[in-house]
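Peer 1:
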Amino acid sequence: MSTPALMPVYPRCGVRPVRGEGAYLFGEDGERYLDFASGIAVNALGHGHPALVKAIADQAATLMHVSNLYGSPQGEALAQRLVDATFADTVFFTNSGAEAVECAIKTARRFHHAEGNPQRHDLICFNNAFHGRTLGTISATNQAKMRDGFEPLLPGFKYADFNDLDGALALIDDNTAGFLVEPIQGEGGLMTGTDEFLKGLRAACDQHGLLLVLDEVQCGYGRTGKFFAHELYGIVPDIMAVAKGIGGGFPLGACLATEHAAKGMVFGTHGSTYGGNPLAMAAGTAVLDVMQGEGFLDHVAAMGERLRSSLEQMIPNHDHLFHEVRGRGLMLGLKLKSDSRRFVAHCRDNHGLLTVAAGDNVVRILPPLVIDESHIAEFTQKLSEAARVYVPVADD
Ligand SMILES: *Cc1c(COP(=O)(O)O)cnc(C)c1O
Numbered sequence: 001m002s003t004p005a006l007m008p009v010y011p012r013c014g015v016r017p018v019r020g021e022g023a024y025l026f027g028e029d030g031e032r033y034l035d036f037a038s039g040i041a042v043n044a045l046g047h048g049h050p051a052l053v054k055a056i057a058d059q060a061a062t063l064m065h066v067s068n069l070y071g072s073p074q075g076e077a078l079a080q081r082l083v084d085a086t087f088a089d090t091v092f093f094t095n096s097g098a099e100a101v102e103c104a105i106k107t108a109r110r111f112h113h114a115e116g117n118p119q120r121h122d123l124i125c126f127n128n129a130f131h132g133r134t135l136g137t138i139s140a141t142n143q144a145k146m147r148d149g150f151e152p153l154l155p156g157f158k159y160a161d162f163n164d165l166d167g168a169l170a171l172i173d174d175n176t177a178g179f180l181v182e183p184i185q186g187e188g189g190l191m192t193g194t195d196e197f198l199k200g201l202r203a204a205c206d207q208h209g210l211l212l213v214l215d216e217v218q219c220g221y222g223r224t225g226k227f228f229a230h231e232l233y234g235i236v237p238d239i240m241a242v243a244k245g246i247g248g249g250f251p252l253g254a255c256l257a258t259e260h261a262a263k264g265m266v267f268g269t270h271g272s273t274y275g276g277n278p279l280a281m282a283a284g285t286a287v288l289d290v291m292q293g294e295g296f297l298d299h300v301a302a303m304g305e306r307l308r309s310s311l312e313q314m315i316p317n318h319d320h321l322f323h324e325v326r327g328r329g330l331m332l333g334l335k336l337k338s339d340s341r342r343f344v345a346h347c348r349d350n351h352g353l354l355t356v357a358a359g360d361n362v363v364r365i366l367p368p369l370v371i372d373e374s375h376i377a378e379f380t381q382k383l384s385e386a387a388r389v390y391v392p393v394a395d396d
């Protein structure tokens, strides 16, 4: 057999981490990496956070899994805390971001069905978005590289350009259920939604009885220095998908909704064997305890400002390579003038620095939210050294 035992769908690199500590990862031979990727915005508390480790270990020894056929004191408690902290009235727990978006799509369709408008099943989505890899979420994601060969896709999605409010409004018709949008696009290249765009989508929803469905899988959960990115815009969604940071590395996601938007999600309409099991709830509770601690989000905002200004100061010194800084809080992107994948590999292989490439030649910078000034200083030093010795390829 020539196919690897692990299905070869990822272009895996040579870094093979076996241990993590705070903002650092260690490879099989003890090599040390500064991790400003955080498992793609997942390890919000860094690696091996003692409170998270203890919560998982204690819960594993107490009760790991029971069926959702039984009552869930752990799920009720965490859902209540999310309800108290957000726009939402109700929460469905999932095991991943794609499942959270699936639940959001189902909730939106089912709302209009319950309202007696089953023809309103189309979600208006946005080019260069990313919503996950299930058949439903690749149908919502208008990117050929994720869809080729997987047709037929799910009907019921239309696409406008991100930040093009008029283009999105022009797609509204009698079949429209609402909008599905990332306030800040992650995979798409750290494109930040404008105030006018997101407020305009909200206003259109209010005007036409549509639902605003936000995908905050990457930009939510403290990443921008707010608990959720939509707070930066002073708007609220009707439905929101969350994952990544919510479990701090434990597979957990959630779909949050208002009572009104969730009116169709009654007994028997949705489910998940693992979703919201006691182990996941313990992890989620530990993460939320830390994030709701005094000053946590202010710290993220302050570190974000500091990191952004360090990056901005670096641009003139490397202006053959660096173009601009994008993003908010600790969800930052450095747009390059050449291929970002190659530069990310160079930083990783030659300078022990982990970042993530995104679309549009952006280097995504997603450190653990618990970093301090010393990590930013180390990052800045490694990045400028990496840029100084880097030779971009002419035809990149
Ligand atoms: C990562 C991501 C997803 C998919 O999450 P998975 O846990 O990989 O299924 C969905 N939406 C956004 C915005 C993401 O960044």
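For the sequence shown, UniProt numbering begins at 1 and goes up steadily by one. From the three backbone atoms N, C-alpha and C, an ideal C-beta is built for every residue, glycine too.
1. Can you list, in chain order, the residues of its chain whose CB lies under 8 Å from that of P368, leaving out five sequence neighbours each side?
2. For T192 and A61, I'd like the C-alpha separation in whole angstroms.
3. Jot down the residue ranges of each uninterrupted beta strand (DSSP E) in the region 98 to 173, minimum 3 residues, whole runs only, in chain order.
4. For residue 397, I'd like the list of residues in its chain whose CB is within less than 8 Å of its CB, leaving aside the five on either flank, ordered along the chain.
5. Taking one C-beta from the region 314 to 332 and one from the region 279 to 287 each time, how about it: are there three or more such pairs within less than 8 Å?
6. What whole-angstrom Cβ distance do T107 and M265 have, given they're in contact under 8 Å?
7. At the level of alpha carbons, what is the spacing between D58 and N117?
8. Can the beta-carbon of Y221 be found closer than 7 Å to that of D195?
9. Along the chain, which unbroken stretches of the beta strand (DSSP E) at least 3 residues long are found entirely within the region 214 to 274?
10. Should F162 be labelled buried (16 or more other beta-carbon atoms within 10 Å of its own) or exposed?
11. Note down the Cα distance separating D319 from T355, rounded to an integer number of angstroms.
12. CB G359 to CB G188, shorter than 7 Å?
13. Apply the 10 Å Cβ neighbour rule to R19 and answer buried if 16 or more other Cβ atoms are within range, or exposed otherwise.
14. With a threshold of 7 Å on Cβ separation, who are the neighbours of S310 within its own chain once the five nearest residues in sequence on each side are excluded?
15. Would Y10 be called buried (16 or more neighbouring beta carbons within 10 Å of its own) or exposed?
16. Could you tell me which of G178, P251, V362 sits nearest to L336, measuring between CA atoms?
17. What would DSSP say about P4, mapped onto helix, strand or coil?
18. Report the three-state DSSP secondary structure of Q202 (helix, strand or coil).
19. Just checking F130 against ligand 1 - is the residue's beta carbon closer than 6 Å to any of the ligand's heavy atoms?
20. Sorted by chain position, which residues of the same chain lie with C-beta nearer than 7 Å to I246's C-beta, five sequence neighbours on each side aside?
21. CB-CB under 6 Å to T258, same chain, minus the five flanking residues each way: which ones, in chain order?
22. Give the secondary structure of T90 by DSSP, where H, G and I count as helix, E and B as strand, and everything else as coil.
23. Please classify P183: does DSSP put it in a helix, a strand, or coil?
24. Does the region 139 to 146 come into contact with the region 122 to 129, if we say contact requires no fewer than three beta-carbon pairs (one atom in each stretch) closer than 8 Å?
25. According to the neighbour-count rule (16 or more other Cβ atoms, all chains shown, within 10 Å of its Cβ), is E305 buried or exposed?
26. Quick one: does the C-beta of S96 sit closer than 6 Å to a heavy atom of ligand 1?
27. Which same chain residues, not among the five before or five after A241, have their C-beta less than 6 Å away from its C-beta?
Peer 2: Working from what's here:
1. Start at 1 with the first residue of the sequence shown, and residue 368 comes out as number 368. Answer for P368: G22, A23, D35, S38, N43, A44, L45, G46, H47, listed in chain order.
2. Position 192 of the sequence shown, counted from the start, is the residue given in the question as residue 192. Position 61 of the sequence shown, counted from the start, is the residue given in the question as residue 61. Counting only the Cα atoms, A61 lies some 43 Å from T192.
3. Runs of the beta strand (DSSP E) lying entirely within the region 98 to 173 and spanning at least 3 residues, in chain order: 122 to 126, 157 to 160.
4. Here the chain comprises residues numbered 1 to 396, so residue 397 is not present and cannot be evaluated.
5. By the Cβ test, the region 314 to 332 is not in contact with the region 279 to 287, since fewer than three Cβ pairs between them sit closer than 8 Å.
6. Start at 1 with the first residue of the sequence shown, and residue 107 comes out as number 107. Start at 1 with the first residue of the sequence shown, and residue 265 comes out as number 265. Yes, they are in contact, since the Cβ atoms of T107 and M265 sit about 6 Å apart, within 8 Å.
7. On the sequence shown, residue 58 is found 58 positions in, with the first residue counted as 1. On the sequence shown, residue 117 is found 117 positions in, with the first residue counted as 1. Whole-angstrom Cα-Cα distance: 47 Å.
8. Reading the sequence shown from its first residue, position 221 is the one you call residue 221. Reading the sequence shown from its first residue, position 195 is the one you call residue 195. Not a contact, by the Cβ cut-off of 7 Å.
9. As summarised for the region 214 to 274, the continuous beta strand (DSSP E) elements at least 3 residues long and confined to that stretch are 239 to 242, 253 to 257, given in chain order.
10. If you number the sequence shown from 1, residue 162 lands on position 162. By the neighbour-count rule (16 or more Cβ atoms within 10 Å), F162 is buried.
11. Residue numbering aside, residue 319 sits at position 319 when the sequence shown is read from its first letter. Residue numbering aside, residue 355 sits at position 355 when the sequence shown is read from its first letter. Computed Cα separation, rounded: 20 Å.
12. Translated into the one-based positions of the sequence shown, residue 359 becomes position 359. Translated into the one-based positions of the sequence shown, residue 188 becomes position 188. The answer is yes: Cβ separation under 7 Å.
13. Along the sequence shown, one-based indexing puts residue 19 at 19. Exposed, because fewer than 16 other Cβ atoms sit within 10 Å of the Cβ of R19.
14. Counting from one through the sequence shown, the residue named residue 310 turns up at place 310. For S310, where only same-chain residues beyond five positions count, the Cβ hits under 7 Å are I376, T380.
15. Translated into positions along the sequence shown, residue 10 becomes position 10. Exposed, because fewer than 16 other Cβ atoms sit within 10 Å of the Cβ of Y10.
16. Locating residue 336 in the sequence shown gives position 336, counting from the first residue. Looking at the Cα atoms, V362 is the closest of the given residues.
17. By 1-based counting over the sequence shown, the position of residue 4 is 4. Looking at P4 - three-state DSSP - the assignment turns out to be coil, as it is neither helix nor strand.
18. The count along the sequence shown starts at 1 and reaches residue 202 at position 202. The sequence as given places Arg at residue 202; Gln does not occur at that position. In the structure shown, R202 sits in a helix (DSSP, three-state: H, G or I).
19. Taking the sequence shown and counting its residues from 1, the one referred to as residue 130 is at position 130. Because some heavy atom of ligand 1 lies under 6 Å away, the Cβ of F130 counts as near it: yes.
20. Here the question's residue 246 lines up with position 246 in the sequence shown. The answer, listed in chain order, is Y221, L252, G253, A254, G284, V287.
21. Position 258 of the sequence shown, counted from the first residue, corresponds to residue 258. Excluding residues within five positions, the ones whose Cβ falls inside 6 Å are D89, D238.
22. For the purposes of this step, residue 90 is identified with residue 90 of the sequence shown, where counting begins at 1. It is a strand residue.
23. As a working note, residue 183 is residue 183 in the sequence shown. Taken through DSSP and simplified to helix, strand or coil, P183 comes out as coil.
24. Touching, yes.
25. Stepping through the sequence shown from its first residue, residue 305 is reached at position 305. Exposed: under 16 other Cβ atoms inside 10 Å.
26. Translated into the one-based positions of the sequence shown, residue 96 becomes position 96. Flag set: Cβ of S96 near ligand 1.
27. The residue given as residue 241 occupies position 241 in the sequence shown. Around A241: A100, V101, A104, D215, V217, C255.
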